[in-house]
Amino acid sequence: MGHPTGSGPATLRLEIRPAPPETGPRPEMRSLLCCLSAAFALVSCQVPSSVSRRAASPLPGEIKVSLPPLVAGLEAPTWGQAPPPAPQPEGWTVPVRDTYTQVRTSRKVVAITFDDGPHGENTPRLLDMLKARNIKATFYVVGNMVKYNPHLLARMIAEGHEIGNHTVKHNMLDRMSDEALLAELRAAHDQIVEACGVAPRTMRPPGGAIKKDQKALMLRELGYPTIMWSVDPLDWKRPGPSVVASRLINGAAPGGILLVHDLHKPTVDAMPETFDRLLAMGYEFVTVTELIALDEPEPEPEPKKEEAETVDDGQ
Ligand code: NI
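So for the sequence shown, my numbering puts the first residue at 3; every next one is plus one.
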């Protein structure tokens, strides 16, 4: 049989056509472009996002583009930011350090502090002097004195003064274990609260004897900053009222903390002159916690001045 032609039954003709010629670049060009685009992608990834965003932004009416972080975990830059603030000790709403000898302030204020009382005769006399001048003071009382005159603490509070913790027995704290130190201060704290209903906010170590880590412990466990002093007239050596007064007056400076003892009669005798002279000099008396609240932060260190360029013109 010959091949059917013409009107024979329809047959399926399978036509295989060659693929149309490609319109894109030749294979060798494609691989080159591939390499180039990969390299470009790599380079653009290494450009800081701020730069690439700026470059891609039309002007004006910048379009905000949110890009994923370049590196996981570095979403928010941390450089140039202040460190997180230290946790506030309980009872304090202002920043507080673990120790003060004075505070930084431009205001002409001082805090006068009376230690080792209350004394049955000297302290009421002192309270009268303070009241007559509307001066507020801070009393670092000793528990073993408080028990004889608890009513004087109530008077101090009623007249606007502040009471601080000076331990129960006035023993040196730097020789104590942490447990013994905390027990001593907690016992004195409770005596003060029982006598006047107001909790002390600060402490002063007997004899100024205290270790650095003990200061941190007291602030952490009791909320007490340790209050030292900037002026010590050595009144307990009884140099005479006029000497005590002149040492206090000459030592006073804005933000200062004055240390005296209402246990001693000659010290109380020195107070009218001390108060009146300091008031005349423009000083305001504040309590220790008021003084702490006035503490100003350390100023930023001044940037180093660049050395002036010198031009050598040959003459
Ligand atoms: Ni003392």
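In this text, a Cβ means the ideal position worked out from N, Cα and C, and glycines have one as well.
Residues of its chain near residue i, where Cβ-Cβ distance is below 8 Å and the 5 sequence neighbours each way are ignored
i	result
I263	Sequence inspection shows His at residue 263; the Ile mentioned does not correspond to that position. Once the five neighbours on either side are set aside, the close Cβ partners of H263 are F116, D117, D118, G119, D237, W238 and T269.
R127	V270
H191	N167, A201, P202 and L224
L280	V112, L250, I251, A254 and F287
Distance between residue j and residue i (C-alpha atoms, nearest Å)
i	j	result
E196	S179	26 Å
L76	P305	Only weak support exists for where L76 lies, its pLDDT of 48 falling under 50; the value from the coordinates is given anyway. Approximately 29 Å between the Cα atoms of the pair.
W231	H266	18 Å
A201	V170	15 Å
F2	A182	Any question about residue 2 goes unanswered here, given that the chain covers just 3 to 317.
E64	A295	Its pLDDT being 48, under 50, E64 is placed unreliably by the model, and the measurement read from it follows with that caveat. Roughly 46 Å between the two C-alpha positions.
Y150	P301	47 Å
A113	Y142	12 Å
A134	G145	27 Å
A156	M131	17 Å
A160	L129	11 Å
P303	P97	20 Å
H172	E298	32 Å
L184	M147	19 Å
A282	T140	21 Å
Whole-Å CB distance - residue i paired with residue j, under 8 Å assumed
i	j	result
A211	L261	A211 to L261, Cβ: 14 Å. No contact.
E123	G225	Going by Cβ atoms, the distance from E123 to G225 rounds to 33 Å, so no, they are not a contact pair.
I229	G166	7 Å
L250	P235	5 Å
K217	T101	5 Å
L187	M220	7 Å
7 Å CB neighbourhood of residue i in its chain, flanking five on each side removed
i	result
P256	T107, S108, R109, K110 and V111
T276	A247, L250 and I251
M273	L128 and M131
G242	P268
Close Cβ partners of residue i (< 6 Å) along its chain, the five nearest in sequence each way excluded
i	result
G162	K138
N203	Residue 203 is actually Arg in this sequence, not Asn. For R203, where only same-chain residues beyond five positions count, the Cβ hits under 6 Å are T291.
L293	V105 and A113
Interface flag, residue i vs chain B, CB-CB below 8 Å
i	result
P227	Of the protein chains in the structure, only one exists, and it is not chain B.
Considering only residues of the segment 87 to 140, which uninterrupted beta strand (DSSP E) runs meet the minimum length of 3 residues and lie entirely inside it, listed in chain order?
111 to 117
Report the start-end ranges of each alpha helix (DSSP H) in the segment 141 to 183 that is 4 residues or longer and not cut off at the edges.
145 to 148 and 152 to 160
May I have a chain-ordered list of the alpha helix (DSSP H) segments no shorter than 4 residues that lie completely inside the segment 246 to 305?
267 to 282 and 290 to 295
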